[in-house]
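Trainee:
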Amino acid sequence: MAVPNDLIICRTKDPLLLLVFQFIEKDIKVKIHPDIAESMIGQLRRLFKKDELLKNIRYEYNGFEGLRDAVFARRQSIIQKEAQRFFDVDRKKQYIEDELSILESELNFLDKRYEVWKNVCDSLEDIFKKIKIYVSAKENPIVISTIHSAKGLEGDRVFVLEYLKLPLKRDEQKDWEVIQEINLKYVAVTRAKEVLYLVNSESLEELEELEEEGSLFDDLFDIQ
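Residues 3 to 226 in the working numbering are what the sequence shown lists, from first letter to last.
1) Just how far apart, CA to CA, sit Gln226 and Leu166?
2) Over the uninterrupted beta strand (DSSP E) stretch that includes Ser147, give me the two end residues.
3) Tell me which residue opens and which closes the alpha helix (DSSP H) that Ala194 is part of.
4) If the criterion is Cβ atoms closer than 8 Å, does the pair Phe161 and Tyr199 meet it?
5) Using DSSP with H/G/I as helix, E/B as strand and the rest coil, what is Val73?
6) According to DSSP, simplified to helix, strand and coil, what is Lys132?
7) On the criterion of 16 or more Cβ atoms from any shown chain inside 10 Å, does Leu19 qualify as buried, or is it exposed?
8) Mapping the DSSP letters down to three states, classify Gly157 as helix, strand or coil.
9) Taking the alpha-carbon of Lys31 as reference, which of Lys140, Glu196, Tyr63 has the nearest alpha-carbon?
10) Mind checking which residues open and close the beta strand (DSSP E) that includes Ile11?
11) Take the Cβ of Ala75 as the centre, count every other Cβ of all protein chains shown within 10 Å, and call the residue buried at 16 or more, exposed below.
12) For a minimum of 4 consecutive residues, which ranges assigned as the alpha helix (DSSP H) are wholly contained in the stretch 26-86?
13) Can the beta-carbon of Arg164 be found closer than 8 Å to that of Pro17?
14) So for Leu168, helix, strand or coil by DSSP?
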């Protein structure tokens, strides 16, 4: 649904990362905050060893598929080790599932980009340079941002991803962090000049239940 000059925002970066992948696959250029662009490309770059970034993908690995399998196995082992910090079994399982899903999306994206750009991109670094062009559009771009970076931004049409997760809740949040998250929700719902889309609700029934209880915005109280 997004068209030039729309603003798409989310509290966390991962949904934005996956969305950027989809836009690039459709050959649509977008504009994201430079810090987020660096973070996104940095996240992709960290999947690989330094020497893997500069090697010719065609000659060294016989295409991206040869590199992909080795990287997936390596990162899978790291994710499983990182999951050991969770004592709760269900939480540990969910963490592994979420991280592997993101990893698979990242590698699928790079695999497709290599196939499309292999005539002009020899290495991973070449691909990352091309991606940077796609996320730095200047003429009437679709703007993609975290809510935190969206302060001061406005759009006629605004999409808020994962709205029902706002305000964001974490374990052992301090009072000031709770207030900060409420403020960020307020920022999210006040960016639109004309139309506001609340995206990715878990179900229509859940939205209807919220409407029966009161306004979707009732918890935006005492915003200073």
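Quick reminder that beta carbons are idealized off the backbone N, C-alpha and C, glycines included.
Mentor: Put simply:
1) Here residue 226 is taken as the residue at index 224 of the sequence shown, counted from 1. Here residue 166 is taken as the residue at index 164 of the sequence shown, counted from 1. Its pLDDT being 42, under 50, Gln226 is placed unreliably by the model, and the measurement read from it follows with that caveat. Between the C-alpha atoms of Gln226 and Leu166 there is a straight-line separation of about 22 Å.
2) Residue 147 sits at position 145 when you count from the first residue of the sequence shown. For Ser147, the enclosing beta strand (DSSP E) begins and ends at 144-148.
3) For the purposes of this step, residue 194 is taken as the residue at position 192 of the sequence shown. For Ala194, no alpha helix (DSSP H) encloses it; the enclosing beta strand (DSSP E) starts and ends at 194-201.
4) The residue labelled residue 161 in the question sits at position 159 within the sequence shown. The residue labelled residue 199 in the question sits at position 197 within the sequence shown. In this structure, Tyr199 lies closer than 8 Å to Phe161 by Cβ.
5) Position 71 of the sequence shown, counting from 1, holds the residue named residue 73. Reduced to three states, the DSSP call for Val73 is helix.
6) Looking up residue 132 in the sequence shown gives position 130. It is helical.
7) Position 17 of the sequence shown, counted from the start, is the residue given in the question as residue 19. That one is buried.
8) Your numbering for residue 157 matches position 155 in the sequence shown. Gly157 sits in a strand when the DSSP states are folded into three classes.
9) Translated into positions along the sequence shown, residue 31 becomes position 29. Comparing Cα positions, the closest option is Lys140.
10) By 1-based counting over the sequence shown, the position of residue 11 is 9. Looking at the DSSP string, the run of the beta strand (DSSP E) that includes Ile11 is 9-12.
11) The count along the sequence shown starts at 1 and reaches residue 75 at position 73. It is exposed - the Cβ of Ala75 has fewer than 16 other Cβ atoms within 10 Å.
12) Within the stretch 26-86, the complete alpha helix (DSSP H) segments of 4 residues or longer fall at 36-47, 52-56, 59-63, 66-84, listed in chain order.
13) The residue you call residue 164 lines up with position 162 of the sequence shown. The residue you call residue 17 lines up with position 15 of the sequence shown. The sequence given here has Glu at residue 164, not Arg. At a Cβ-Cβ threshold of 8 Å, Glu164 and Pro17 count as neighbours.
14) The residue labelled residue 168 in the question sits at position 166 within the sequence shown. Residue state, collapsed to three classes: coil.
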